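These protein sequence lines map, in sequence, to chains A and B. Take 4 as the starting number for the first sequence in my numbering and just add one per residue. Take 4 as the starting number for the second sequence in my numbering and just add one per residue. No residue lacks a Cβ here, since even glycine has one placed at the ideal position from N, Cα and C. Since this is a predicted model, take the numbers as computed values, not measurements. Report on the structure given below.
Protein chains: 2
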Amino acid sequence: MTVFAGQGDARRSMPLLWRGPEEPRTGRSGPKPALSVDAIVAAGIAVADAEGLAALSMRAVGERLGRTAMALYTYVPGKAELLDLMHDRVLAELPTDHDRADGWRAATTAWAEEAFTCYLRHPWVLQISQARPVMGPAELGAMETVLRVLDGAGLEPPLLRGVVAALWQLVRGMARTAAEAHVAAADTGIADDEWWYARSAQLAELAPDFAERFPLLTALESGAAAPAPGDGAGYLEDRTREAFRTGLAVLLDGVETAVARPGRS
Amino acid sequence: MTVFAGQGDARRSMPLLWRGPEEPRTGRSGPKPALSVDAIVAAGIAVADAEGLAALSMRAVGERLGRTAMALYTYVPGKAELLDLMHDRVLAELPTDHDRADGWRAATTAWAEEAFTCYLRHPWVLQISQARPVMGPAELGAMETVLRVLDGAGLEPPLLRGVVAALWQLVRGMARTAAEAHVAAADTGIADDEWWYARSAQLAELAPDFAERFPLLTALESGAAAPAPGDGAGYLEDRTREAFRTGLAVLLDGVETAVARPGRS
DNA sequence: GGGGGATACTTTACGGCATAAGGAGTTGTT
DNA sequence: AACAACTCCTTATGCCGTAAAGTATCCCCC
């Protein structure tokens, strides 16, 4: 059940992240390496995609490559650094170009949607700590893309920093919720609606005064479409996606007014 | 380095989360329990606060109470469920009442600030998975508070859901960044500015074409106040807090316009 | 007031983890 | 042919969560 958040030693991760094309191995003795950093990172991603971050062990990655765990240490300093590499590789899947013909708002929305679905493809990425960002090329590239996409809005630097951060957190946070709903459904074999129903029933039993204690929550939930039987696996995921779109729209509304009235930071 | 995200079995967690005041132990044989669920949860929080989530082991919690790891299993089903309890207990620190005299915007801002600092007190909470929320009393209470605080804005349910979620993600995400900067500084003994400087230098060496590859990023960063020597440990943390305030303000701007123009969802 | 049985807690053990240390096999250079 | 460099393996250490089984403590009831 343990998953994680640890960061690799950046002094070791960075050279691997920014390493150029592999040199053609001139004049080196010893057996030819059968593996490569790229292959190991790919195997790690495959394991994490398939089995989740909890199942990502050096043994598992090695096994997928027909090697022992220790063989990996020739290429990669340790598990934490491998994770840094996996993280950046996934972010590299994000597009870096966007059609800005329809204006910054449309471009930003499109980017956010793509990032959201990218995270859904690799949900484990959202569990990796953001502390002291590793600053791999893909991560910085993604930042640059966001800045480019927002460029037309004409935000001043301090405001821009806040907006970029908020946008990023919104995407990550919402994707995390959606992804984890998805993962949990797959792991436990219990569809969202069933899970929700079971939990509600239990809650009603344990806290019979629920409606009085949490009146606004009760009102809000009763206004929502109840999970119809057959909504099944995607129920919570869909609701999260909808909340994501709504929240994003509100944030961008705020950007528009903040631009129009540049006084308030 | 592994920390985690796993969720306890809700069917076990919920009764503990919602348990009423302890019954006065009528007619039970056996030795008096020297521990209690509350004491164990408190010890767990103490360990996590002091040493981080990575250091939270059943052995460590037991030791802090002068017991073995196995002694805890009398009170708590396992580590995952203990974490659920710790999580909810921390959220209970959030205030549930707010002065709404100055309007919803001021109240919301105040709440967000308090939540932010609460998370900073217990940074490990931000590493706990949000999948299939555990729905403890404090967590639901916090949701109710947010709804109450936003009540004056007059948002329709679908919009409200999006705003609440966005607000929550913003607080959590930003707090996470700030907290992890803080934790990393404490762990490694390297102040933020030093770390930042070292990383920048390394980056300049590994990617000499940085300024051409990431022009907007370069421009944005060069516009920022460089970490003056002596800014020290709080540099990244302060910058994150500032970005948090800015992002929050923009989001609330968006809420205001969305309310004024209820057409767009 | 002295068993009996429930309860709290300990000891021991198991399998899994990351990874340190050192050995075996392979390959290029001299 | 000898050597050095390199890849990869085996083994071992010390963590982890927790299952199983043993021991000590206390209350109830006879």
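Taking C-alpha positions only, Gly81 of chain B is separated from Leu88 of chain B by approximately 11 angstroms. In summary, Ala261 of chain B is buried, with 16 or more beta-carbon neighbours lying within 10 Å of its beta-carbon over all protein chains present. In the assembly as shown, Glu208 of chain A is an exposed residue. Its beta-carbon has fewer than 16 other beta-carbons within 10 Å. Using a CB distance cut-off of 8 angstroms, Arg124 of chain A does not count as an interface residue toward chain B. For Ala182 of chain B, same chain residues with a beta-carbon under 7 angstroms away, outside a window of 5 residues either side, are Tyr122, Leu123, Pro126 and Leu129 in chain order. Of the candidates A:Thr249, A:Thr221, A:Val258 and A:Gly139, A:Thr221 places its Cα closest to the Cα of Leu150 of chain B.
Collapsing the DSSP output to three states places Lys35 of chain B in coil. In chain A, no part has a C-beta under 8 angstroms from the C-beta of Trp114 of chain B; the shortest such distance is about 14 angstroms. Close CB contacts of Ala246 of chain B within its chain, under the 7 angstroms cut and outside five residues either way in sequence, are with Met177 (chain order).
Nearest CB-CB separation between Gly226 of chain A and chain B: below the 8 angstroms threshold. Judged by beta-carbon spacing, Asp195 of chain A lies within the 8 angstroms limit of Leu239 of chain A, meaning their Cβ atoms are closer than that value. Nearest to Ala74 of chain B by alpha-carbon distance, out of B:Leu86, B:Glu84 and B:Met61, is B:Met61. Residues of the region 244-259 of chain A with a C-beta less than 8 angstroms from any C-beta of chain B: Glu245, Ala246, Phe247, Arg248, Thr249, Gly250, Leu251, Ala252, Val253, Leu254, Leu255, Asp256, Gly257, Val258 and Glu259, listed in chain order. At least one C-beta of chain B is nearer than 8 angstroms to the C-beta of Arg175 of chain A. For the options B:Ala263, B:Arg264 and B:Gly11, the alpha carbon positioned closest to that of Pro136 of chain B is the one of B:Gly11. Counting only the Cα atoms, Arg244 of chain A lies some 31 angstroms from Pro18 of chain B. Taking the beta carbon of Phe217 of chain A as reference, the chain B residues within 8 angstroms of it are Leu143, Gly144, Met146 and Glu147, listed in sequence order. Here Thr249 of chain A really is in contact with Leu162 of chain B; their C-beta atoms are around 6 angstroms apart, less than 8 angstroms. Residues of the same chain with a CB within less than 6 angstroms of the CB of Ile48 of chain A, apart from the 5 flanking positions on each side, are Met89 in chain order. Within the same chain, and ignoring the five residues on either side of Leu255 of chain B in sequence, the residues whose Cβ sits closer than 8 angstroms to its Cβ are Arg108, Thr111 and Thr112. Between the beta-carbon of Ala118 of chain B and that of Val174 of chain B there is about 5 angstroms, and that keeps the pair under the 8 angstroms contact cut.
Trp107 of chain B has a beta carbon lying at 8 angstroms or more from every beta carbon in chain A. Shown here, His101 of chain A sits in coil according to DSSP, grouped into three states, outside any helix or strand.
Exclusion of the five residues before and after Arg179 of chain B leaves Leu129 as the residues of its chain whose Cβ lies within less than 6 angstroms of its Cβ. With fewer than 16 other beta carbons inside 10 angstroms of its own, Arg14 of chain B counts as exposed. Among the residues of chain A, none has a CB under 9 angstroms from the CB of Pro98 of chain B; the nearest is roughly 16 angstroms distant. Gly157 of chain A is positioned such that its CB atom lies no closer than 8 angstroms to that of Arg103 of chain A. Chain-order list of chain B residues neighbouring Ala168 of chain A: Met177, Ala246 and Gly250, by C-beta distance under 7 angstroms. Relative to Ala37 of chain A, the option among A:Leu56, A:Thr71 and A:Ala58 whose CA is nearest is A:Thr71. A residue is called buried once 16 or more other Cβ atoms fall within 10 Å of its Cβ, and Ser39 of chain A, having fewer, is exposed. In this structure, Arg67 of chain B places its C-beta atom within 8 angstroms of the C-beta atom of Ala46 of chain B. The shortest CA-to-CA distance from Thr120 of chain A to any of A:Ala252, A:Asp241 and A:Gly106 is the one to A:Asp241. Residue environment: Arg92 of chain B is assigned as buried (16 or more neighbouring CB atoms within 10 Å of its CB, all protein chains considered).
With its beta carbon less than 8 angstroms from one in chain A, Asp154 of chain B belongs to the interface. Where Pro24 of chain A is concerned, there is no enclosing alpha helix (DSSP H), because DSSP gives it neither an H nor an E.
Closer than 7 angstroms at the C-beta level to chain B, one finds these residues of the region 203-215 of chain A: Gln205, Leu206, Leu209 and Ala210.
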